[in-house]
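Residue numbers (UniProt numbering), protein chains in the order written: chain A, 1 to 233; chain B, 1 to 233.
Every residue, glycine too, gets a C-beta built ideally from N, C-alpha and C.
None of the values given here were measured: they were computed from a predicted structure.
Notes follow once the structure below has been shown.
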DNA sequence: CGAGTACTTGATCGTGATCAACGGGTGTGG
DNA sequence: CCACACCCGTTGATCACGATCAAGTACTCG
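Structure (structure tokens):
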């Protein structure tokens with residue numbers, strides 16, 4: 001595979017960290033980067049193992065999970081195309097990174113990526129800004145986990161997914177439809193609930209006419225104002 | 001106040017971000033830094049306001065809180081001496097930063113700090129590493145908030161505070177005593193519980209002989225193994 | 001010494017977990 | 001092509017954990 005081609009046809013070329021680099025500079029990344037596919041359910045990084053790879057997600061969605069000793073699991077973050085996963089420095093991974101759908105990744109050996117980062121301050125700055133953003137998001141989720149009721153959690157989650165899924169289109173009223181990249185069980189893992197509770201809350205919103213649930217994964221927001229009210233805004 | 005003196009007698013000189021700088025380079029920070037005191041309960045940064053200051057904490061403890069529209073609050077992080085608070089780039093603060101005890105800070109105007117960061121790559125790297133660490137911690141707390149029972153939350157919290165408070169002394173058995181920098185109400189805000197539940201769980205651990213509660217804020221761990229078992233490890 | 005705040009303890013209630021059964025879609029193999 | 005199994009989701013019944021409401025106790029500080 002021609003090295004330049006790897007980046008030339010990259011779907012997230014200017015949205016990912018690499019956007020900090022000129023076409024010329026990309027050569028450094030090209031040399032160490034490798035495309036990789038994972039099927040739904042396959043894991044890229046296991047919590048507790050030494051950091052071995054960093055990666056940009058090209059397509060699909062992944063989840064970050066933390067778990068207790070006795071097997072309970074909590075999804076602590078979602079990874080979308082152009083997002084970065086992994087840690088550039090030696091140490092133990094704190095979370096497990098698993099594909100929620102079939103995914104395509106651009107992976108880098110950790111040490112090699114560290115070296116590239118060393119030479120490209122702008123890329124390091126972008127990484128820092130992304131990390132701050134991830135921290136803000138994590139803290140928002142902490143608020144949700146600790147203080148929202150089940151109904152509020154589900155409503156807030158749907159709103160967040162709608163904004164992600166439909167590309168931040170203006171807060172238009174009128175129905176918006178999108179597909180969840182998650183099963184009910186995974187929604188429960190994100191929200192700190194059980195699968196039954198998630199199902200019931202969705203049912204309640206549907207019964208109220210706030211949303212519709214076309215097909216297994218589809219969601220239609222029929223009354224955004226009501227959904228926002230249910231989310232406690 | 002003599003600029004050099006500010007850093008020369010700094011309690012956290014080599015543990016904070018500034019540790020990345022040589023004595024000479026510190027001049028840049030010295031010029032823009034200002035010591036500031038806050039009393040217990042006073043707030044340095046309000047969520048929603050534009051980023052105006054960055055700071056290193058010199059002494060005392062602070063809390064980071066997020067809140068819902070209707071006034072519920074969740075503590076999403078604690079800040080200890082040598083820790084950094086604030087964001088170097090323009091934007092809105094996501095969390096409120098409030099003193100839990102009387103604190104001493106070394107504050108920098110945001111824009112000026114951004115400029116210093118620009119010139120000192122090693123400091124930026126340290127900040128990135130700290131931010132990754134903060135993210136790991138936040139994600140661990142998400143696991144606790146979403147999946148641990150009240151008893152597990154309280155036990156795990158005491159263990160974490162013991163390790164912080166007593167300076168990571170080896171996992172020695174035998175009693176360890178320390179003071180919590182938090183009220184019961186604040187513990188509840190961290191753990192996503194109510195004050196009564198926290199009090200009851202502490203009472204239960206005390207009744208079991210696992211801990212003792214000398215004075216209002218004191219905690220003695222009498223049986224670390226039992227406490228770890230209660231935390232689900 | 002009195003007032004206020006933090007903490008504890010008790011009684012009751014409600015939300016969400018748990019246990020259980022069932023329906024619908026999908027893929028596999030006979 | 002259908003039968004079957006499996007997974008995912010829904011729905012119902014019950015239970016328990018933690019919230020809420022309510023007193024009452026211990027420290028601190030004026």
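Pairwise C-alpha distance: residue j and residue i
i, j, result
"residue 162/B", "residue 156/B", "10 Å"
"residue 182/A", "residue 30/A", "32 Å"
"residue 133/A", "residue 89/A", "19 Å"
"residue 61/A", "residue 54/A", "16 Å"
"residue 146/B", "residue 152/A", "15 Å"
"residue 8/B", "residue 228/B", "41 Å"
"residue 168/B", "residue 209/A", "The predicted position of residue 168/B is uncertain, since its pLDDT is 46 and thus under 50; no value can be drawn from it."
"residue 226/A", "residue 67/B", "21 Å"
"residue 111/B", "residue 135/B", "24 Å"
"residue 73/B", "residue 142/B", "15 Å"
"residue 126/B", "residue 220/A", "44 Å"
"residue 81/B", "residue 71/A", "35 Å"
"residue 212/A", "residue 233/A", "21 Å"
"residue 120/B", "residue 27/B", "13 Å"
"residue 154/B", "residue 218/B", "15 Å"
"residue 117/A", "residue 128/B", "12 Å"
"residue 177/A", "residue 32/B", "51 Å"
"residue 94/A", "residue 48/A", "6 Å"
"residue 199/A", "residue 58/B", "48 Å"
"residue 19/B", "residue 224/A", "50 Å"
"residue 115/B", "residue 22/B", "17 Å"
"residue 158/A", "residue 216/A", "15 Å"
"residue 193/B", "residue 150/B", "7 Å"
Three-state secondary structure assigned by DSSP to residue i
i, result
"residue 15/A", "coil"
"residue 233/B", "coil"
"residue 104/A", "strand"
"residue 29/B", "helix"
"residue 93/A", "coil"
"residue 179/A", "strand"
"residue 40/B", "coil"
"residue 51/A", "coil"
"residue 208/A", "coil"
"residue 24/B", "coil"
"residue 82/A", "coil"
"residue 194/A", "coil"
"residue 77/A", "strand"
"residue 143/A", "helix"
"residue 199/A", "helix"
"residue 121/A", "helix"
"residue 219/A", "strand"
"residue 69/A", "coil"
"residue 224/A", "helix"
"residue 87/A", "coil"
Where residue i meets chain B, residues with beta-carbon distance less than 9 Å
i, result
"residue 233/A", "68 and 69"
"residue 74/A", "139, 142, 143, 144, 145, 146 and 147"
Rounded Cβ spacing between residue i and residue j (contact assumed at less than 8 Å)
i, j, result
"residue 96/A", "residue 43/A", "6 Å"
"residue 246/B", "residue 105/B", "Outside the shown range of chain B, which is 1 to 233, sits residue 246/B, and nothing can be said about it."
"residue 63/B", "residue 186/B", "7 Å"
"residue 56/A", "residue 12/A", "6 Å"
"residue 175/B", "residue 130/B", "About 32 Å; that fails the 8 Å criterion."
"residue 139/A", "residue 138/B", "6 Å"
"residue 124/B", "residue 124/A", "7 Å"
Residues that residue i contacts on chain A, provided the C-beta gap is smaller than 7 Å
i, result
"residue 138/B", "135, 138, 139 and 142"
"residue 33/B", "Per Cβ cutoff of 7 Å: no residues; residue 33/B is ~21 Å from chain A at best."
Beta-carbon neighbours of residue i, restricted to chain B and to distances below 7 Å
i, result
"residue 97/A", "By Cβ distance, chain B contributes nothing, its closest Cβ being about 12 Å from residue 97/A, past 7 Å."
"residue 145/A", "142, 145, 146 and 192"
"residue 132/A", "87 and 131"
Contacts of residue i in chain B (Cβ-Cβ under 8 Å)
i, result
"residue 129/A", "89"
Contacts of residue i in chain A (Cβ-Cβ under 8 Å)
i, result
"residue 124/B", "121, 124, 125 and 128"
"residue 77/B", "139"
"residue 48/B", "Per Cβ cutoff of 8 Å: no residues; residue 48/B is ~12 Å from chain A at best."
"residue 41/B", "What residue 41/B touches in chain A: nothing, since even the nearest Cβ is about 21 Å away."
"residue 19/B", "Going along chain A, no residue has its Cβ under 8 Å from residue 19/B, so there is no contact; the nearest lies around 17 Å."
Residue i Cβ short of 6 Å to the ligand FMN heavy atom set
i, result
"residue 86/A", "By its list of ligands, the structure shown contains no ligand whatsoever, and the ligand FMN lies outside what it can speak to."
Exercise for the section: Count the CB pairs spanning the region 44-51 of chain A and the region 97-105 of chain A that are closer than 8 Å, and state whether there are at least three. Expected result: Result yes; three or more Cβ-Cβ pairs closer than 8 Å.
Exercise for the section: Count the CB pairs spanning the region 74-88 of chain A and the region 200-208 of chain A that are closer than 8 Å, and state whether there are at least three. Expected result: No, because fewer than three Cβ pairs between the region 74-88 of chain A and the region 200-208 of chain A fall closer than 8 Å, the two stretches do not touch.
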